[in-house]
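Novice: Please find one structure pasted underneath; my questions will follow.
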Amino acid sequence: MKIKALMLAGAMVLASGTAWAGCGYQNEIPIKSLSAGFEAWKSVTDAMAECGNFEAELDQEFRTKQPAAFAASPSLYHLGGVSNGTITPLINEGTIRPLDDLVEKYGAHLKPNQLIRIDGKIMAVAMMVNTQHLMYRADIFDELGLEVPGTYDELLEVAAAIQEAGAVDYPLGATMQSGWNLAQDFNNMFVGYGGTWYDDAGNPSVNNEAGIRTLEMMKALTAYMDPEYLSSDSTYVQQQFQQGKIAMANLWASRGGAMDDASESTVVGKVEGAAAPLAAEGNPPATTLWWDGIVIARNITDEEAEAAFRLAMEGMDTEMVAEHNDDAIWLVDGYQPTRLAQGAIATAIHNPPPPAYPSTTQMGLMHSALGNQLPGFFTGERSAEEALAAVEAEYVTAAKEAGVLK
Amino acid sequence: MKFKTFAAFVAPSVVMMLLFIAAPLVSVFLQSFYLTQPVIETVEVETCTPGFLEQTCATALRTRPVLDENGKVQTTTTFVGLQSYRNVLEPARAWDAISGFDYGALMGIDFWRALRFTLTFTFITLPLVILAGLAIALAVNNTAKAFRGQVIFISLLPFIITPVIGALSIRWLFVGDGILTRMIEGWTGEDIAVFAQGWSIELLMLFYRVWHVAPFAFVVFYAGLQGVNRDAVEAAIIDGASRFERLRYVVIPHLMPLIVFIALIHLMDAYRVFEEIIGFRSEAHVISLQYLTYDLLTPDDAGNRSVSRASASAMLTMVGIVILLIPLLRRTWRDHRGAH
Amino acid sequence: MSDMPKALRQPLSLRLSSAAFLAFWCLLAAFPIFWIAVMSFKVPIDAFAANPLAVVFGPATRAQGKGLTALDMLALGGLLWLTYRAAVRGLPAMVAGMAAVIPPVLGWIVAAAALGLGFVLVGFVLLPPITDALNAALGLEPLLGVTTENYQAVWVENAFWRNFVNSLQVTLGVVLVSLTVGTLAGYALARAGSNLAFWILVVALIFRALPHSVLVAGYLPVFINSAEILRPILGENAPTLYGQPLSVIAVLVAINQPFTIWMLRSFFQNIPAELDEAARVDGCTHFQAFRWVIMPVMWPGVITTGLFSFLLGYNDFLVTSLLLDQSNMTMVPAIAGYFNRETTTTDQVEAVAAAVSITAPLFLLVMVFQRQIVSGLTAGAVKG
């Protein structure tokens, strides 16, 4: 077996010499990309690498590196992988280029839905959407005769019933690790209660009824969770599902595939997806919509930009999606929604739809302030009003320092 | 030694320290008094983002930095004096809390919360590391020669293992239903969640640090024990000193310089405690001073970094360590004066 | 032991409690590392199972037909024991044998690398076919669920050996530069009693206490834009320092200098000054005296200090994760990359396997050098 693996490695080295085997053309200009490192990016960059002369960097520090590396002249990377959160600094600093002419030349097959337009210009091409939505153990629901909850009030009742029956260790899981995850969980619920994070002038508006109801609902949910929820991130929740410790969670769509991975999961085929529950009737589902896609640096030559874009189109083609259908909710032509993608799709097409996570400077500041100041509420050191006041105070300090608030 | 020779010998080392430590330090010092901001404009922008089937477009006011003719962000730098320090220390709130004896309110301010943890962490682990190191060294010195090699080998493991990985390996033993959590649950009969409350995380962090550093103290003390003067021990025996008295009056004084050495190193390392915060995900409950600086410097998704506040917090951290080191520095100064 | 004075002999109770304490400490020291090593040999379901027995015996792993028989375990235990013996007993002799040809520091490196290579060759290439054949012949059934698939995934599929090479490059660079620069400075600081020397040491001490994250965040923009910044001076050949192992080596050496010069200075202080003064009287310059009189006797202290530099370079996370790009990434940040926000359980088990792999060279290092650490420290590197 070991020998076989070694031979395989040898074959791979050989293959990289004549790499464009799986690609329609041979890429001549060396291209580098910097992106996050989750499965979908691995699939896309592997597909691009088949054209040769391509080096992909899947880096967990990409948030820190990307703005600086793209601002260098010449830019250290040609291609960047971004989401609607991380595109903000690149747009603000003008370090990525408009793609209209390249889309016209090489992107005829792209759906209009994929083209991210800012101020009328195409600045990025999206490849997938992601959203947090309800995943639940269908077998437990069937056994206990429970209905899939459509609102968070119903969800609390269901959780109580599961708790009562003692079917799992904890009825609920949640991505509430203090910091980014906790803030994002707040954002989701806050949207559900109709909140907006800041007004047109950039003043914070979270310390209000929507904010307090959000925190109260989150606190109510924590009663059904593993008490270590403040250190549980998406991977941890995913593992809790896989090991059969929880029955429900509002989890990222990109995590769905892992539930049916027989080498990791003990609950294959038992987990189903449903739309993210509503926090209040008539409002959008309590979640936000995300996309991931590619951008191209400004500080490179036009030839390099063209080569980079062509390569990206090759990586995001139907062939790649056919091979990696379950890695994400792809926007690319040829995607076949799976059983586990149904919940995310139901969330996205709900009416009114959940808002996209805003790509603004203020949102970045607000997200950090929420992540830093909310844990005090969950550890019991602060009341909801105190925690939200602390969030607003930190936001104001940071916004003044960043110059977006006078 | 002539100055020129001396300079030639130390130059490479000093230049490297100046370039990579002193220069960033000076720039941090300056940045803590200045505030660099982009010039901001507010414009109405239409943004289109994908849904699953079709796009949603929204028009909203967007603040964005103004770019100059080279495409770089235009910035203004203003001298703000101690404003960044005030933003970190929040003196008014802190004073209200102190004068009102409101401990909770004081701990609501990040800097004071971080300072509280950093100092307790430093001063609790310090004696524990020294005691554990000494105990292990004495015990190893006490075993048969045949086992010593193996015992030293095992004892050194926690010290050499990569800190990030050491912290993770301990975390896995306790997180969720980790095997040690289950064991404790078995003894006490209660449902335990180690990472659910501040004090238990803090306890685990203390344990990890002692586990990680005690081997270093041990090996230094063990080396020192090899040089204990046998005549002095025998003289003490003739004087009728008990085992404990021999330890107290012969061995410990012999090891004293080493104890000071370990204390010094440990003080510096424990004061910049950081890996434990990340490794044990304790941000919700406890943070340290270095973590505070790190957090301010880490850009959020929108690329914002609070450079001025981070610089101020870094300078305050440095002032703290200099204060802690003063007694030891004075001792070194006296030695230096005494020797020449 | 027989010449020990009667009064020094210890009562049984003291000896027992001392041994019990030591046993407890060894358990404490080794257990977490032992546990991640066990996890790394299981499929994800077993590795993260709630029941510790499932983690140890690996039923899901065994169900896939991957396991060790009693014979395998015996062979493995024997190999580990032999490696340990060779490291502790055989290597010093080997180095002494080579001492005529190459200096001891290089000798140790060569010998340690040879031992590591030998272990991998015997353990992974020679033994498996033999035990497989014997197992088949004797009809033995696996007792313990064990799989090396995580290691294969890490080293072969994810090309972790590249990170290993990078780590080696950075670590060796740090050790060599750090010691060269450090011995020179340490020697001068030990011999010069001037106030300047004192202040250099004090400032270095304060530098040692600085939180690293402050420094590192300052480097990133400068390193990324270094081509632009240096262009007026160096022209078109101005390098981008970001991502270069050399720049990381420089940073780590600088960060490590304060500790190195303090260690080496106290070590040199214990080499009598009369030694080099005598050489100076014979007409040597300071540098010649250093080269011909001091260098031959300084190795114990240098080896000990070098080990600390090695640990710093090898274990560093903050500097390497921020200043290196993917193609030059060292092992520790590469492992941390498995644990970011977007990982799967399989990634995590592979990360555990990678983590165990990177501890193996450290194991070897301590086995080989533990006597040198103790004797180097005894020789005076820490006398104040």
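Residue numbers (UniProt numbering), protein chains in the order written: chain A, 1 to 406; chain B, 1 to 340; chain C, 1 to 384. Cβ atoms here follow ideal geometry from the backbone N, Cα and C, with glycine treated the same way.
Contact between the stretch 45-56 of chain B and the stretch 3-22 of chain B: three or more CB pairs below 8 angstroms?
Specialist: As far as the Cβ criterion goes, the stretch 45-56 of chain B does not touch the stretch 3-22 of chain B, which means the pair count is below three.
Novice: Taking 8 angstroms as the CB-CB cut-off, is residue 264 (chain A) touching chain C?
Specialist: As a first step, residue 264 (chain A) is located in the first sequence; it is residue number 264 there, counting from the start. Closer than 8 angstroms: yes.
Novice: Would you identify the three-state DSSP class for residue 392 (chain A), choosing helix, strand or coil?
Specialist: Here the question's residue 392 (chain A) lines up with position 392 in the first sequence. Residue 392 (chain A): helix per DSSP, three-state reduction.
Novice: At a CB distance below 8 angstroms, what residues from the stretch 299-315 of chain C approach chain B? Give them in sequence order.
Specialist: 311, 314, 315
Novice: State whether the stretch 388-402 of chain A contacts the stretch 177-193 of chain C, with contact taken as three or more CB pairs (one from each stretch) at a distance under 8 angstroms.
Specialist: Contact fails: fewer than three Cβ-Cβ distances are below 8 angstroms.
Novice: Taking the beta carbon of residue 6 (chain A) as the centre, do at least 16 other beta carbons fall within 10 Å, making it buried, or is it exposed?
Specialist: The residue labelled residue 6 (chain A) in the question sits at position 6 within the first sequence. Annotation note: pLDDT 41 at residue 6 (chain A) (below 50); position unreliable, coordinate value reported separately. It counts as exposed.
Novice: Could you pull out every residue in the same chain whose Cβ sits closer than 7 angstroms to the Cβ of residue 198 (chain B), ignoring the five residues on either side in sequence?
Specialist: Here residue 198 (chain B) is taken as the residue at index 198 of the second sequence, counted from 1. Result list for residue 198 (chain B): 285, 286, in chain order.
Novice: Name the chain B residues whose beta carbon is nearer than 8 angstroms to that of residue 363 (chain A)?
Specialist: Translated into the one-based positions of the first sequence, residue 363 (chain A) becomes position 363. Within chain B, the residues near residue 363 (chain A) are 301, 302.
Novice: Closer than 7 angstroms, Cβ to Cβ, to anything on chain A: give me those residues from the stretch 36-50 of chain C, in chain order.
Specialist: 43, 44, 45, 48, 50
Novice: With DSSP as the reference, identify every bridge partner of residue 250 (chain A), one or two as the case may be.
Specialist: One-based indexing of the first sequence puts residue 250 (chain A) at position 250. Partner residues in the beta bridge of residue 250 (chain A), as assigned by DSSP, are A:134.
Novice: Tell me the start and end of each unbroken alpha helix (DSSP H) in the stretch 312-338 of chain A that is at least 4 residues and wholly inside, in chain order.
Specialist: 318-323
Novice: Counting beta carbon pairs with one atom in the stretch 162-174 of chain C and one in the stretch 300-310 of chain B, are three or more of them shorter than 8 angstroms?
Specialist: no
Novice: Quick check on the burial criterion: 16 or more other C-beta atoms within 10 angstroms. Buried or exposed for residue 366 (chain A)?
Specialist: Sequence index remark: in the first sequence, residue 366 (chain A) carries index 366 (1-based). Counting Cβ neighbours within 10 Å, residue 366 (chain A) comes out buried, since at least 16 surround it.
Novice: May I have the straight-line CA-CA distance separating residue 160 (chain C) from residue 339 (chain C), to the nearest angstrom?
Specialist: As a position in the third sequence, residue 160 (chain C) is number 160, starting the count at 1. As a position in the third sequence, residue 339 (chain C) is number 339, starting the count at 1. Cα to Cα, residue 160 (chain C) sits roughly 15 angstroms from residue 339 (chain C).
Novice: On the CB-based measure, 16 or more other CB atoms within 10 Å of its CB, does residue 24 (chain C) come out buried or exposed?
Specialist: Residue numbering aside, residue 24 (chain C) sits at position 24 when the third sequence is read from its first letter. Exposed is the call here.
Novice: With burial defined as no fewer than 16 other Cβ atoms inside 10 Å of the residue's Cβ, what is the status of residue 147 (chain A): buried or exposed?
Specialist: As a working mapping, residue 147 (chain A) is identified with position 147 in the first sequence. Label assigned to residue 147 (chain A): exposed.
Novice: For residue 358 (chain C), is the classification buried or exposed, using 16 other Cβ atoms within 10 angstroms of its Cβ as the cut-off for buried?
Specialist: Here the question's residue 358 (chain C) lines up with position 358 in the third sequence. Residue 358 (chain C) comes out buried.
Novice: What are the start and end residues of the beta strand (DSSP E) that includes residue 101 (chain A)?
Specialist: As a first step, residue 101 (chain A) must be located in the first sequence, where it is residue number 101. Where residue 101 (chain A) is concerned, there is no enclosing beta strand (DSSP E), although the alpha helix (DSSP H) it sits in stretches over 100-106.
Novice: If contacts are defined as beta-carbon pairs under 8 angstroms, then residue 222 (chain A) and residue 229 (chain A) qualify, I think. What distance do you get, rounded to the angstrom?
Specialist: Position 222 of the first sequence, counted from the start, is the residue given in the question as residue 222 (chain A). Position 229 of the first sequence, counted from the start, is the residue given in the question as residue 229 (chain A). Confirmed, about 6 angstroms.
Novice: Between residue 43 (chain A) and residue 77 (chain A), which are expected to be in contact by the criterion C-beta below 8 angstroms, what is the C-beta distance as a whole number of angstroms?
Specialist: Within the first sequence, the letter at position 43 stands for residue 43 (chain A). Within the first sequence, the letter at position 77 stands for residue 77 (chain A). No, residue 43 (chain A) and residue 77 (chain A) are not in contact; Cβ-Cβ is about 19 angstroms, not under 8 angstroms.
Novice: Going by alpha carbons, who is nearest to residue 293 (chain B) out of B:100, B:17, B:80, B:111?
Specialist: Walking along the second sequence from the start, residue 293 (chain B) turns up at place 293. Taking only the C-alpha atoms, the option nearest residue 293 (chain B) is B:111.
Novice: Does residue 40 (chain B) come out as helix, strand or coil in the three-state DSSP assignment?
Specialist: Residue numbering aside, residue 40 (chain B) sits at position 40 when the second sequence is read from its first letter. Looking at residue 40 (chain B) - three-state DSSP - the assignment turns out to be strand.
Novice: Pick out whichever of A:284, A:177, A:116, A:173 has its Cα sitting closest to the Cα of residue 293 (chain A).
Specialist: The count along the first sequence starts at 1 and reaches residue 293 (chain A) at position 293. When each option's Cα is compared against that of residue 293 (chain A), the closest is A:116.
Novice: Against chain A, with Cβ distances strictly below 8 angstroms, would residue 150 (chain C) count as a contact?
Specialist: The residue given as residue 150 (chain C) occupies position 150 in the third sequence. Not one chain A Cβ lies under 8 angstroms of residue 150 (chain C).
Novice: Using CA coordinates, which residue listed in A:348, A:37, A:29 is at the minimum distance from residue 337 (chain C)?
Specialist: In the third sequence, the residue the question calls residue 337 (chain C) occupies position 337. That would be A:37, whose Cα lies nearest to the Cα of residue 337 (chain C).
Novice: Could you tell me which uninterrupted alpha helix (DSSP H) segments, each at least 4 residues in length, are contained entirely in the stretch 258-300 of chain C, listed from first to last along the chain?
Specialist: 273-281, 286-289
Novice: By alpha-carbon positions, which one of A:60, A:176, A:104 ends up nearest to residue 219 (chain A)?
Specialist: For the purposes of this step, residue 219 (chain A) is taken as the residue at position 219 of the first sequence. When each option's Cα is compared against that of residue 219 (chain A), the closest is A:176.
Novice: Check for me: the alpha helix (DSSP H) holding residue 422 (chain B) runs from which residue to which?
Specialist: Coverage of chain B is limited to positions 1 through 340, which leaves residue 422 (chain B) absent and any answer about it impossible.
Novice: CB-CB under 8 angstroms to residue 329 (chain B), same chain, minus the five flanking residues each way: which ones, in chain order?
Specialist: Taking the second sequence and counting its residues from 1, the one referred to as residue 329 (chain B) is at position 329. Here the set comprises nothing.
Novice: Could you give the distance in angstroms between the alpha-carbon of residue 91 (chain C) and the alpha-carbon of residue 123 (chain C)?
Specialist: By 1-based counting over the third sequence, the position of residue 91 (chain C) is 91. By 1-based counting over the third sequence, the position of residue 123 (chain C) is 123. Approximately 19 angstroms, taken between the alpha carbons.
Novice: Quick one: Cα of residue 284 (chain C) to Cα of residue 223 (chain B), how far?
Specialist: For the purposes of this step, residue 284 (chain C) is taken as residue 284 along the third sequence, with counting starting at 1. For the purposes of this step, residue 223 (chain B) is taken as residue 223 along the second sequence, with counting starting at 1. Approximately 35 angstroms between the Cα atoms of the pair.
Novice: Just confirm the distance between the C-beta atoms of residue 261 (chain B) and residue 210 (chain B), as a whole number of angstroms; I'd bet it's less than 8 angstroms.
Specialist: Along the second sequence, one-based indexing puts residue 261 (chain B) at 261. Along the second sequence, one-based indexing puts residue 210 (chain B) at 210. Not quite, the Cβ-Cβ distance comes to about 18 angstroms (not below 8 angstroms), so this is no contact.
Novice: Touch check for the stretch 193-211 of chain C and the stretch 253-271 of chain C: three-plus C-beta pairs under 8 angstroms?
Specialist: yes
Novice: Report the rounded CA-to-CA distance for residue 13 (chain A) versus residue 328 (chain C), giving the unit in angstroms.
Specialist: For the purposes of this step, residue 13 (chain A) is taken as the residue at position 13 of the first sequence. For the purposes of this step, residue 328 (chain C) is taken as the residue at position 328 of the third sequence. Low local confidence applies: a pLDDT of 40 at residue 13 (chain A) is under 50, so the model's placement there is unreliable, with the coordinate-based value given in what follows. So the alpha carbons of these two residues sit roughly 18 angstroms apart.
Novice: Taking only three categories from DSSP, how would you classify residue 273 (chain B)?
Specialist: Numbered from its first residue, the second sequence carries residue 273 (chain B) at position 273. Correct three-state label for residue 273 (chain B): coil.
Novice: To which residues of the same chain is residue 95 (chain A) closer than 6 angstroms at the C-beta, ignoring the five residues directly before and after it?
Specialist: Along the first sequence, one-based indexing puts residue 95 (chain A) at 95. Cβ neighbours of residue 95 (chain A) beyond the five flanking positions: 70, 71, 298.
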